[in-house]
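Asks:
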Amino acid sequence: MLNHVNLIKNTLLLSLLSFSVAAELSSINDEEMSVISGQAGVYLSGEITLNENGGPIQNAYFGDCTDSKRCGARLAFQTKQDGGWFVLDDMKGSFSFQGLTLRVRDINSGFGGDGANFNRQVLEIGLPDQIKVDKFQYTYATSTTARPSDAGFQQTDIYTVEIDGDITMQGNLLVFPTGDN
Amino acid sequence: MLKSKIKRLVTIGSASVFLVCGAAKAELASLSDNELSSVDGAGIGMVFEDFVFNAVTDSSNGQSFKISGIKSTSGEDVDITVSQLYIANAGSNYGETLNPVNLGRLVNPYEIELLDGNDIGLDDKAILQFAAPKKVAAGTGYDCVSASAAEGSGSCSSRPTGIDAASGEVIIGERPDIGLKLQVQVGTNASDNLSVNAKSAVFDGSYLRLWGDDNKNQLVGEYRLNFYTPELSISSCDSAGQSCGNTIYMKNFELELVLGNQFQPMSIGVTEAQNGTIEPGNFVFEIASIKDYADQKGYMANLPSNGLRTGCNGDSSCESAWDFFNGYYTNPEFKSNLSIGAMHIGDISGSGQNFGSSKIEGMTIQYLKMSSHDL
Chain R
198 MLNHVNLIKN TLLLSLLSFS VAAELSSIND EEMSVISGQA GVYLSGEITL NENGGPIQNA
258 YFGDCTDSKR CGARLAFQTK QDGGWFVLDD MKGSFSFQGL TLRVRDINSG FGGDGANFNR
318 QVLEIGLPDQ IKVDKFQYTY ATSTTARPSD AGFQQTDIYT VEIDGDITMQ GNLLVFPTGD
378 N
Chain C
201 MLKSKIKRLV TIGSASVFLV CGAAKAELAS LSDNELSSVD GAGIGMVFED FVFNAVTDSS
261 NGQSFKISGI KSTSGEDVDI TVSQLYIANA GSNYGETLNP VNLGRLVNPY EIELLDGNDI
321 GLDDKAILQF AAPKKVAAGT GYDCVSASAA EGSGSCSSRP TGIDAASGEV IIGERPDIGL
381 KLQVQVGTNA SDNLSVNAKS AVFDGSYLRL WGDDNKNQLV GEYRLNFYTP ELSISSCDSA
441 GQSCGNTIYM KNFELELVLG NQFQPMSIGV TEAQNGTIEP GNFVFEIASI KDYADQKGYM
501 ANLPSNGLRT GCNGDSSCES AWDFFNGYYT NPEFKSNLSI GAMHIGDISG SGQNFGSSKI
561 EGMTIQYLKM SSHDL
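Protein sequence lines correspond, in order, to chains R and C. Counting from 1 along the first sequence, just add 197 to a position and that's the residue number in the working numbering. Counting from 1 along the second sequence, just add 200 to a position and that's the residue number in the working numbering.
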């Protein structure tokens with residue numbers, strides 16, 4: 198009960214604070230609001246290009262993709278303090294997709310009987326059916342140092358993956374919070 | 201008590217929301233305790249609905265998927281072309297017909313969650329867990345292997361395609377066909393095709409847990425892979441996909457692989473030499489020795505000389521040491537199992553052979569260290 202009183206007090210306080218601008222705002226009633234659902238979601242198309250013409254660093258190791266030096270991006274990570282580094286090196290190429298959708302969806306049926314039991318909202322990420330990959334590649338390696346410019350740098354490339362053309366990825370990814378009840 | 205605490209928190213939370221967006225308060229519907237009780241923010245659930253993944257190499261369509269940079273022992277380049285990598289609904293006929301499948305169930309999804317280490321024997325640690333759908337009590341789920349399993353036949357949550365008895369709704373199925381077809385060329389030799397396909401695959405009960413080890417200053421983990429399939433097949437053919445050798449079919453394949461546990465975490469790192477200089481290019485995979493943990497806890501020094509608990513003569517530190525090892529060797533959670541219902545070489549309805557069933561059960565890893573070396 199006390200909480201409700203506090204709530205009313207807070208709301209009143211807010212009304213007082215925003216009183217001076219009330220004249221410029223026209224209120225929307227519940228009926229008008231109900232017409233606007235705003236739940237159609239988001240439709241995304243895009244292209245992500247990584248180091249097509251080399252990265253910002255140009256030195257003895259990194260080039261601009263016109264010479265024999267590496268021009269892709271480099272990601273190094275270490276799983277042990279003072280240990281060696283796992284490296285994703287020379288990452289370059291591009292992905293483009295059309296029709297990645299984002300929306301909130303209420304699920305209360307379907308899914309072979311699970312929908313009715315679930316009966317909640319989820320974030321639905323609609324996958325774009327086809328992802329166009331343009332000469333995407335990366336090299337998996339292990340290295341003594343994070344950067345090629347660090348002292349004592351030595352690296353062994355283990356394998357290189359190259360992907361080109363369309364990849365099929367259909368369906369929806371449904372994301373929602375979970376927890377033990 | 202907890203409920204009233206939550207209620208108070210919720211009320212404070214609601215009041216804050218009203219303060220921030222007081223003007224829109226008419227459009228906000230309050231959440232009931234019941235609704236809120238099902239959300240504790242412990243993790244994120246993920247379900248792939250109507251999912252199909254397919255990556256192929258098809259030069260006529262400009263599609264390619266290649267793995268290079270690997271050398272053979274004689275120094276020749278090994279070029280691997282991924283002819284096809286697919287995930288689709290069961291009944292795909294080895295990747296020919298790709299129909300949508302669900303991965304995970306809304307009521308038992310794939311999850312990324314943070315666990316309290318105190319709940320799983322890792323004191324004062326926060327654990328990051330990636331988990332497949334969890335197993336359910338035996339007899340309340342579906343048989344893990346059978347592609348036509350009915351409800352109540354087993355302990356797996358993922359269902360094969362069918363009709364839900366309670367709701368009458370169609371079950372698309374949560375058991376995908378997964379396949380990988382590779383073309384491998386060593387040097388200038390003729391290339392070979394290798395194809396691995398799993399039908400109606402189930403991963404229920406699998407997880408990867410990661411945490412930081414203070415003593416090693418290293419990222420360590422625990423990995424459990426449960427992999428069940430009614431048929432795992434491996435075949436090889438020549439470059440044209442013709443003159444294939446006999447396909448090896450492993451029927452009713454069940455793998456429960458345990459790598460690491462709370463006493464013996466597994467670690468993956470890049471090698472270091474004894475002098476502290478890191479040898480690049482070599483990775484090391486290690487599952488810590490159970491003896492190290494037992495030494496650290498003082499169990500090794502206190503074991504009874506005759507190996508029997510009665511040999512402790514009531515000494516409590518001796519008994520706890522004996523209890524620890526007894527628990528370690530009897531806990532099924534620490535054991536890996538592999539069961540193949542029947543191994544067929546070739547089509548046994550034709551001239552193929554049935555080599556019968558084989559099992560490896562109760563395998564415990566006491567210590568494992570693998571590292572790569574330059575040749």
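All C-beta atoms, glycine included, are put in the ideal place defined by N, C-alpha and C.
On a Cα-Cα basis, can you pick out the residue from T340/C, S400/C, C344/C, N554/C that is closest to G352/C?
Replies: Here the closest residue by C-alpha is T340/C.
Asks: Which runs of the beta strand (DSSP E) spanning at least 3 residues fall entirely within the segment 455-535 of chain C, listed in chain order?
Replies: As far as the segment 455-535 of chain C is concerned, its whole beta strand (DSSP E) runs of at least 3 residues are 466-472, 478-487.
Asks: With 16 as the cutoff for other CB atoms within 10 Å, does F555/C come out buried or exposed?
Replies: That one is exposed.
Asks: Under the three-state reduction of DSSP, which class applies to N318/C: helix, strand or coil?
Replies: Correct three-state label for N318/C: helix.
Asks: What's the C-alpha gap between C518/C and V386/C?
Replies: If I take the Cα positions, the gap works out to 58 Å.
Asks: Under a three-way DSSP split, which group does G556/C fall into?
Replies: Correct three-state label for G556/C: coil.
Asks: How many Å lie between L568/C and N261/C at the Cα?
Replies: Rounded to whole angstroms, L568/C to N261/C spans 46 Å at the Cα level.
Asks: Which chain C residues are close to I245/R, counting only those with a beta carbon under 7 Å from its beta carbon?
Replies: None at all; the shortest Cβ gap to chain C is about 17 Å.
Asks: What residues from chain R crowd round K335/C, counting only those whose CB sits closer than 9 Å?
Replies: Going along chain R, no residue has its Cβ under 9 Å from K335/C, so there is no contact; the nearest lies around 15 Å.
Asks: Quick one: grab the DSSP three-state call for N314/R.
Replies: Helix.
Asks: Using CA atoms only, rank isn't needed, just tell me which of T257/C, I312/C, V484/C, F524/C is closest to Y407/C.
Replies: Y407/C has its Cα closest to that of I312/C, out of T257/C, I312/C, V484/C, F524/C.
Asks: Can you tell me which of the three DSSP states E313/C falls into?
Replies: E313/C falls in the strand class under three-state DSSP.
Asks: Going by C-alpha to C-alpha distance, which of A350/C, G550/C, D547/C, E561/C sits closest to S539/C?
Replies: Measuring from the Cα of S539/C, the nearest candidate turns out to be E561/C.
Asks: What does the alpha-carbon distance come out to for the pair K266/C and D361/R?
Replies: Cα to Cα, K266/C sits roughly 9 Å from D361/R.
Asks: Tell me, to the nearest whole angstrom, how far the beta carbon of A347/C is from that of P333/C; I am working on the premise that it is less than 8 Å.
Replies: Not really, about 17 Å apart at Cβ, beyond 8 Å.
Asks: Does the beta carbon of G309/R come closer than 8 Å to any beta carbon on chain C?
Replies: Yes, G309/R lies at the interface with chain C (some Cβ there is under 8 Å from its Cβ).
Asks: If you reduce the DSSP assignment to three classes, tell me which class N308/C lands in.
Replies: Strand at N308/C.
Asks: Ignore the nearest five residues each way along the sequence and tell me which others in D303/R's own chain have a CB closer than 6 Å to its CB.
Replies: Contacts found: Q318.
Asks: When the distance is taken between beta carbons, is Y356/R closer than 8 Å to G527/C?
Replies: Going by C-beta atoms, G527/C is not nearer than 8 Å to Y356/R.
Asks: Within the chosen definition, does the segment 290-301 of chain R reach the segment 310-317 of chain R through at least 3 CB pairs nearer than 8 Å?
Replies: With the cut-off at 8 Å, the segment 290-301 of chain R and the segment 310-317 of chain R do not touch.
Asks: Is the shortest distance between the beta-carbon of M366/R and the beta-carbons of chain C less than 8 Å?
Replies: Chain C, which has a Cβ nearer than 8 Å to the Cβ of M366/R, makes this yes.
Asks: When we look at the beta-carbon of F274/R and count the other beta-carbons within 10 Å, is it buried (16 or more) or exposed?
Replies: When all chains shown are included, F274/R counts as exposed.
Asks: Between N248/R and chain C, is the shortest Cβ-Cβ distance under 8 Å, so that the two count as touching?
Replies: Output row for N248/R: interface = no.
Asks: At which residues does the beta strand (DSSP E) containing Q367/R begin and terminate?
Replies: Residues 352-375.
Asks: Any beta-carbon of chain C closer than 8 Å to the one on V358/R?
Replies: Output row for V358/R: interface = yes.
Asks: Can you list, in chain order, the residues of its chain whose CB lies under 6 Å from that of S306/R, leaving out five sequence neighbours each side?
Replies: So the qualifying residues of the chain are G312, A313.
Asks: What does N369/R reach in chain C if we use C-beta pairs closer than 9 Å?
Replies: Within chain C, the residues near N369/R are V247, F248, E249, D250, F251.
Asks: Which residues in chain R sit within 8 Å of L419/C, going by Cβ to Cβ distance?
Replies: Near L419/C (Cβ distances below 8 Å), the residues of chain R are T276, K277.
Asks: May I ask which residues mark the beginning and end of the beta strand (DSSP E) holding V284/R?
Replies: Element bounds for V284/R: 282-304.
Asks: Taking 8 Å as the CB-CB cut-off, is A348/R touching chain C?
Replies: No, because no Cβ of chain C sits closer than 8 Å to the Cβ of A348/R.
Asks: Does DSSP classify A224/C as helix, strand or coil?
Replies: Unreliable placement is indicated for A224/C, whose pLDDT of 38 sits below 50; no coordinate value is reported for it.
Asks: In the DSSP output, what is T339/R paired with across the bridge?
Replies: Paired residue(s): F283/R, T353/R.
Asks: In angstroms, rounded to a whole number, what distance separates the CA positions of Q462/C and G321/C?
Replies: Q462/C and G321/C: Cα-Cα distance of roughly 6 Å.
Asks: Pairing CB atoms from the segment 413-420 of chain C with CB atoms from the segment 505-512 of chain C, are three or more of them under 8 Å?
Replies: Short answer: they don't touch.
Asks: Whole angstroms are fine: how far does the CA of E244/R sit from the CA of K289/R?
Replies: The alpha-carbon atoms of K289/R and E244/R are separated by roughly 13 Å.
Asks: Going by alpha carbons, who is nearest to A405/C out of L455/C, S436/C, L432/C, N254/C?
Replies: With the sequence shown as reference, residue 405/C is identified as Gly, and Ala is not the correct amino acid for it. Of the listed residues, the one whose Cα sits closest to G405/C is L455/C.
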